[in-house]
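These notes are about the structure you will find just below.
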Amino acid sequence: MRFRHLLVLILIVSLGGCGGEKKAGGGGGGTSKDTLVIALMSSPTNLDSRVGADNASGRMFDLIHSGLIKVTPNFDYAPDVAEKWETPDDKTIVFHLNANAKFQNGQPVKAADVKWTYDSMMNPNFVTSKRSGYAAVDHIEAPDDHTIIFKLKEPNPGIFDNLTVGILPTGADTNIYKTKPIGAGPYKVVDFRADDRIVLEAFDQWHGGAPKIKHVVVRIVPDATTRVLEMRRGSINFEVNEIPFENVAEFDKNSDFKVVKSSGSVYQYIAINVRDPILSKVAVRRAIHHAIDRERIIRDIQRGYAEPADTMFAKGHWARVESLPSYPYDPTKAKQLLAQAGYPNGFSFTFKTSQDAEANSRAQVIQQMLKQVGINMQIQSNEMSTFFADIGKGNFQMYSLSRNGIADPDFYYVIFYSKNIPPDGQNRGYYNNPKVDQLVLQGRSTFDRARRRPVYAEIQKTVQEDLPYISLYMQNNVAVMRSNIDGYVQYPAGFWLSVPQMSIR
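Take the sequence shown: its position 54, counted from the start at 1, is 35 in my numbering, and no numbers get skipped.
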């Protein structure tokens, strides 16, 4: 086995050194037929599935780990380590494990491992930001090796979102698993070099079937220009949402490459503090919405790779409502609403954002639009930790952020239930509507989607009328790869879950 690992490492070093010398003919590029080289903007912070919470770690989890269940391209849930499950009542979920599921050390995945994984995250002495996701869990039972039972304190359909966390062997040491985890997923870690690369090898005993591509190298390339150059020369042969939008057309026109574009689930929005004396007036919030030309933002900032959104749910989501109150770009209507609200000459306010270049460009475009209707928007740009500290305390008038891959509509409870206010909750804008409060509690009282769907339809309609958020757009997913790569399936959140089924001709 050590000899095989050495061969992989020799191969990867050669890829990094000579990829640029090989011509990209017929989609061949500079990479081996059994090696996928993926570009990633930043290094994962932690490969322990219980701890890593950043986007880069999440992408690595797609390859290394398997949870009880996994998310499908249409935001449903599918079997993973658990082959089936049932909910005998609204406070009980029973999972039956796949008898073929194994860890990458060859040991079978047992119910005791599942229980230990989730119990460890619920332990207040274990440091993880994911603990709150299990607040509704009373206890977990493992009556035999292949059955795991979650007993809930109260009904909580949103718990399924948190059951995708990768299962680890009992006793896993987080200090070791940070860089060298033993997961139950399709690929195992061979080498981890922070801020450089992670080398993976196919785990042929994976319960989902032996991966077709035997070696995967994840290259950490922070600079966008470098990512483009390496994709051109073939030293990288696959990426998802890592190539700047302005460069996508170049690859789309080149027969040596394949570009896969689809609707995504990165939801861009503006949050409003409804306690603010001016912004508390719904007419003002509607005026602001009418003053914003979303199509222009999509054209100028997103280069066309986005679609206007009136809801936080992506296309294909079971709870998404297509027909909602809308506020088309109409500066005249915006001025009329401002006058009705008592601000015929406009007003001034502060818009908070991070120092991210795209976020600032978007804020400047919005600033210009609001100026046309008499609103003076001051942009306050802070480094990320200060920005999040402020909005987490409700210390803002308006800000813009994005949310990715919202699977369960119980998320409305998290962000709009009136009791979930700062500093402990995420209702940062202090939105308070008794009707929405009643609906979010009703929506989380059952697992039955037929009963939940009309509840969340009414929530979406009410929230779109009240506008505690102004929905901007849903960003598209754009994957660029060599033309000899087959089998890629686009997930709305940009997941790498289809890599084990991909192949290289």
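Beta carbons: idealized from backbone N, C-alpha and C, even for Gly. Note that the structure is predicted; figures quoted are calculated from it, not measured.
Could you give the distance in angstroms between the alpha-carbon of Ala252 and the alpha-carbon of Ser381?
6 Å
Give me the Cβ distance between Arg178 and Trp299, rounded to the nearest whole Å; I'm assuming they're in contact under 8 Å.
Between Trp299 and Arg178 the Cβ distance is about 38 Å, and since that is not below 8 Å, they are no contact.
Return the CA-CA distance between Gly468 and Thr53, expressed in angstroms with no decimal places.
16 Å
Closer than 7 Å by C-beta to Arg(-15): which residues in its own chain qualify, once you throw out the five before and the five after it? Chain order, please.
Model confidence at Arg(-15) stands at a pLDDT of 41, short of 50, so the residue's coordinates are unreliable; what they give is reported in the following sentence. Around Arg(-15): no qualifying Cβ.
Inter-residue Cα distance where the pair is Lys132 and Asn104
16 Å
Pick from Phe294, Val90, Asn55 and Asp35: whose alpha carbon is nearest that of Gln445?
Phe294
When Ala315, Asn363 and Val354 are compared against Ser335, the one with the closest alpha-carbon
Asn363
Residues of its chain near Gln345, where Cβ-Cβ distance is below 8 Å and the 5 sequence neighbours each way are ignored
Ile360
Since His270 contacts Leu448 with CB under 8 Å, what's their CB separation in whole angstroms?
6 Å
Measuring alpha carbon to alpha carbon, tell me which of Asn156, Asp311, Tyr248 and Pro312 ends up nearest Thr292.
Tyr248
So does the region 424 to 438 actually touch the region 322 to 331, counting three or more Cβ pairs closer than 8 Å?
no
Measure from the alpha carbon of Thr98 to the alpha carbon of each residue in Thr151, Ile129 and Gly323, then state which is nearest.
Thr151
Can you tell me whether His298 is helix, strand or coil according to DSSP?
coil
Pull up the CB-CB distance for Val487 and Gln85, whole angstroms please, since I reckon it's below 8 Å.
Summary: the structure shown does not reach residue 487, with the chain confined to residues -18 through 486, and so no result is reported for it.
Please state whether the Cβ-Cβ distance between Asp257 and Met350 is less than 8 Å.
no
Report buried or exposed for Gln441, applying the criterion of at least 16 other Cβ atoms within 10 angstroms of its Cβ.
buried
Nearest residue (CA-CA) to Val222, options Thr73, Val480 and Val461
For the sequence presented, residue 222 should be read as Asn rather than Val. Taking only the C-alpha atoms, the option nearest Asn222 is Val461.
Pick from Ile201, Val118, Ser23 and Gly147 that is closest to Lys134, judged by C-alpha positions
Val118
According to DSSP, simplified to helix, strand and coil, what is Ala290?
coil
For Tyr450, the residue or residues it bridges with in DSSP
Ala252
Can you tell which of Arg213, Ser342, Arg409 and Phe42 has the C-alpha that lies nearest to the C-alpha of Tyr450?
Arg409
If contact is defined by three or more beta carbon pairs under 8 Å, each pair taking one atom from either stretch, is the region 411 to 422 in contact with the region 153 to 167?
no
Three CB pairs or more closer than 8 Å across the region 170 to 185 and the region 54 to 62:
no
Please state the DSSP three-state secondary structure of Leu21.
strand
Suppose only complete runs of 4+ residues qualify. What are the alpha helix (DSSP H) ranges in the region 135 to 187, listed by chain order?
155 to 158
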